[in-house]
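**Student:** One structure coming up, written as structure tokens, with questions to follow.
2 protein chains.
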Amino acid sequence: MAKSDDTRQQILTAAIDEFSGRGISGARVDRIAKTAGVNISLLFRYFGNKAQLFDAAFEELAVRSIDVVPFDADDLAGYAGRLMDHYRRYPDIVRLSAWYQLERSADEMPRRVVESEKAKLDAIRDAQERGAISKEFSAEDILNLVLHVSIASTGVTPILSTAPRVFETSRDAAQAAVRTLVEPSAD
Amino acid sequence: MAKSDDTRQQILTAAIDEFSGRGISGARVDRIAKTAGVNISLLFRYFGNKAQLFDAAFEELAVRSIDVVPFDADDLAGYAGRLMDHYRRYPDIVRLSAWYQLERSADEMPRRVVESEKAKLDAIRDAQERGAISKEFSAEDILNLVLHVSIASTGVTPILSTAPRVFETSRDAAQAAVRTLVEPSAD
DNA sequence: CGAAAGTAAGCAACTACTTGCTTTTTATTT
DNA sequence: AAATAAAAAGCAAGTAGTTGCTTACTTTCG
Numbered sequence: 001m002a003k004s005d006d007t008r009q010q011i012l013t014a015a016i017d018e019f020s021g022r023g024i025s026g027a028r029v030d031r032i033a034k035t036a037g038v039n040i041s042l043l044f045r046y047f048g049n050k051a052q053l054f055d056a057a058f059e060e061l062a063v064r065s066i067d068v069v070p071f072d073a074d075d076l077a078g079y080a081g082r083l084m085d086h087y088r089r090y091p092d093i094v095r096l097s098a099w100y101q102l103e104r105s106a107d108e109m110p111r112r113v114v115e116s117e118k119a120k121l122d123a124i125r126d127a128q129e130r131g132a133i134s135k136e137f138s139a140e141d142i143l144n145l146v147l148h149v150s151i152a153s154t155g156v157t158p159i160l161s162t163a164p165r166v167f168e169t170s171r172d173a174a175q176a177a178v179r180t181l182v183e184p185s186a187d
Numbered sequence: 001m002a003k004s005d006d007t008r009q010q011i012l013t014a015a016i017d018e019f020s021g022r023g024i025s026g027a028r029v030d031r032i033a034k035t036a037g038v039n040i041s042l043l044f045r046y047f048g049n050k051a052q053l054f055d056a057a058f059e060e061l062a063v064r065s066i067d068v069v070p071f072d073a074d075d076l077a078g079y080a081g082r083l084m085d086h087y088r089r090y091p092d093i094v095r096l097s098a099w100y101q102l103e104r105s106a107d108e109m110p111r112r113v114v115e116s117e118k119a120k121l122d123a124i125r126d127a128q129e130r131g132a133i134s135k136e137f138s139a140e141d142i143l144n145l146v147l148h149v150s151i152a153s154t155g156v157t158p159i160l161s162t163a164p165r166v167f168e169t170s171r172d173a174a175q176a177a178v179r180t181l182v183e184p185s186a187d
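Respectively, the protein sequence lines represent chains C and E. Residue 1 is where the first sequence starts when you use the UniProt record's numbering, and the numbers rise one by one after that. Residue 1 is where the second sequence starts when you use the UniProt record's numbering, and the numbers rise one by one after that.
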């Protein structure tokens with residue numbers, strides 16, 4: 001099985017590359033097979049069809065992102081900074097997510113992603129109860145705002161605006177924005 | 001010429017529909033022609049090729065958005081609210097922008113979009129000089145943050161998160177967030 | 001009449017996926 | 001350790017249907 005596991009991974013790596021660049025419709029399965037250096041029929045035997053291969057590629061990167069970027073409700077600015085670093089280092093996950101929203105939004109996110117989100121919301125609510133962060137916004141709104149501030153400099157965002165900003169400056173600004181948004185108000 | 005102008009618009013409308021749903025690679029030119037009720041060869045005579053037709057569709061909606069949603073640097077929360085209303089009413093522009101970022105990001109935005117952005121930045125800088133809004137962030141960062149808070153509930157954003165939020169609540173939250181971010185600090 | 005608008009019928013290249021077959025690996029028995 | 005057979009891995013060569021775009025021709029209109 002060692003050999004086939006390797007082949008599987010080879011296909012997945014090539015698929016991540018192809019799908020993140022071109023999406024599902026734009027991707028070409030023979031190109032993926034060629035990049036992976038495997039026969040095209042293996043691709044279908046292992047992953048079923050093109051859409052399922054995309055799902056596998058997406059889940060791979062999504063789960064990795066969750067595992068690698070630790071969440072901290074008491075330091076949301078720090079979390080935002082870590083997220084931005086991760087996105088800059090692995091731009092594929094952002095693009096893959098974008099394609100996912102556009103071409104697969106009917107489906108549900110992978111289980112691990114859904115679970116992770118629930119845990120984050122619980123942690124935020126707990127931090128609010130303890131008075132560590134502001135209660136002005138709901139936990140859902142806070143998470144939503146933090147995530148969107150964090151992707152604001154990736155350049156794969158559907159806004160009518162020119163090229164993405166210089167990373168360093170907007171990283172500082174994003175962190176400051178998160179801090180401003182969640183700091184406990186005096187009441 | 002009245003007849004041909006009408007045909008052109010018919011094609012453009014069908015193209016907006018098809019491209020916003022499926023992107024460039026996923027769109028089918030014969031489907032656009034059929035929806036528009038015109039012969040497919042006219043589509044190419046009028047618009048050149050598939051990619052140029054996409055550009056025409058994108059520019060149409062982008063310019064319309066700019067013209068219809070007035071910018072006000074002294075009331076950025078109001079602007080954000082108006083933007084969100086516009087996006088909810090015409091979701092096509094958000095999706096079209098998303099496809100554009102993914103499939104055409106090499107190109108430059110339409111001239112009108114670039115010009116409009118420059119004007120917005122100038123207005124923000126002016127408002128900062130007058131002390132109407134905070135100087136904590138650069139004009140670029142402020143605009144970037146406002147735009148991203150405004151698309152946070154559209155559901156076509158590359159974040160690892162489940163379904164979009166309820167519109168009304170997140171609209172209020174987004175406006176409050178913008179207000180918090182740009183209110184002049186006491187210094 | 002001349003130019004522009006409109007149309008039917010292609011076409012060459014591509015595309016996701018399959019088939020029928022050979023080779024290698026693994027598990028089991030001797 | 002050798003023999004064996006089943007299962008899995010690997011491959012070359014398809015195939016049926018699609019795709020963006022063109023061509024050659026007719027009709028409409030000022």
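A virtual CB, placed ideally from N, CA and C, is assigned to each residue, including glycine. All values derive from a computational prediction rather than experimental measurement.
State buried or exposed for Thr180 of chain E, treating a residue as buried only when at least 16 other CB atoms are found within 10 Å of its CB.
**Tutor:** buried
**Student:** Pairing CB atoms from the segment 129 to 141 of chain E with CB atoms from the segment 113 to 123 of chain C, are three or more of them under 8 Å?
**Tutor:** no
**Student:** Let me see if you follow: with CB-CB separation under 8 Å, is Ala51 of chain E close to chain C or not?
**Tutor:** no
**Student:** Tell me, please, whether the CB atom of Ile159 of chain C is closer than 8 Å to any CB atom in chain E?
**Tutor:** yes
**Student:** Of all the CB atoms in chain E, is at least one closer than 8 Å to the CB of Glu18 of chain C?
**Tutor:** no
**Student:** Identify whether Lys50 of chain E lies in helix, strand or coil by the three-state DSSP scheme.
**Tutor:** It is helical.
**Student:** Is Ser150 of chain C near Ala36 of chain C, with beta carbons less than 8 Å apart?
**Tutor:** By the CB criterion at 8 Å, Ser150 of chain C and Ala36 of chain C fall outside the cutoff.
**Student:** Under a CB-based cut-off of 8 Å, is Thr180 of chain E close to chain C?
**Tutor:** Yes, Thr180 of chain E lies at the interface with chain C (some Cβ there is under 8 Å from its Cβ).
**Student:** For Ile142 of chain C, name the three-state secondary structure that DSSP assigns.
**Tutor:** helix
**Student:** Val113 of chain C touches chain E at which residues, Cβ-Cβ below 9 Å?
**Tutor:** Leu160, Ser161, Thr162
**Student:** Which whole runs of the alpha helix (DSSP H) in the segment 63 to 97 of chain C are 4 residues long or more, in chain order?
**Tutor:** 76 to 89
**Student:** Kindly list, in the order they appear in chain E, the residues whose Cβ is closer than 8 Å to that of residue 218 of chain C.
**Tutor:** What is shown of chain C runs 1 to 187, which leaves residue 218 of chain C out entirely.
**Student:** On the three-state DSSP scale, how would you describe Met1 of chain E?
**Tutor:** Here the model assigns Met1 of chain E a pLDDT of 49, short of 50, so the residue's position is not dependable, and the following value carries that caveat. Annotated three-state conformation of Met1 of chain E is coil, per DSSP.
**Student:** Considering Cα atoms alone, identify which of C:Gln52, C:Leu12, C:Glu183, C:Ile40 is closest to Leu61 of chain C.
**Tutor:** C:Leu12
**Student:** Decide if the segment 146 to 162 of chain C is in contact with the segment 101 to 111 of chain E; the criterion is three or more beta carbon pairs, one per stretch, under 8 Å apart.
**Tutor:** yes
**Student:** Put Asp107 of chain C into one of helix, strand or coil per three-state DSSP.
**Tutor:** coil
**Student:** Using 8 Å as the limit for Cβ to Cβ distance, is Ile151 of chain C near chain E?
**Tutor:** yes
**Student:** In chain E, what lies closer than 7 Å to Ser170 of chain C by C-beta?
**Tutor:** Asp141, Asn144
**Student:** From this set, E:Gly155, E:Phe47, E:Val146, E:Val69, which residue's C-alpha is nearest Ser153 of chain C's C-alpha?
**Tutor:** E:Val146
**Student:** Do Glu18 of chain E and Ile32 of chain E have their C-beta atoms within less than 8 Å of each other?
**Tutor:** yes
**Student:** Buried or exposed, going by whether 16 or more other CB atoms sit within 10 Å of the CB of Asp141 of chain E?
**Tutor:** buried
**Student:** What's the C-alpha gap between Met1 of chain C and Arg82 of chain C?
**Tutor:** A caution first: Met1 of chain C carries a pLDDT of 47, below 50, which makes its placement in the model too unreliable to give a value.
**Student:** Assess, as a yes-or-no matter, whether the segment 95 to 105 of chain E is touched by the segment 50 to 68 of chain E under the definition of 3 or more beta carbon pairs within less than 8 Å.
**Tutor:** yes
**Student:** So the candidates are C:Arg64, C:Gly21, C:Ala15, C:Asp72; which of them puts its Cα closest to the Cα of Leu43 of chain C?
**Tutor:** It is C:Ala15.
**Student:** Going along chain C in order, which residues have a C-beta closer than 8 Å to the C-beta of His148 of chain E?
**Tutor:** Neighbours of His148 of chain E on chain C, chain order: His148, Val149, Ile151, Ala152, Thr157, Ile159.
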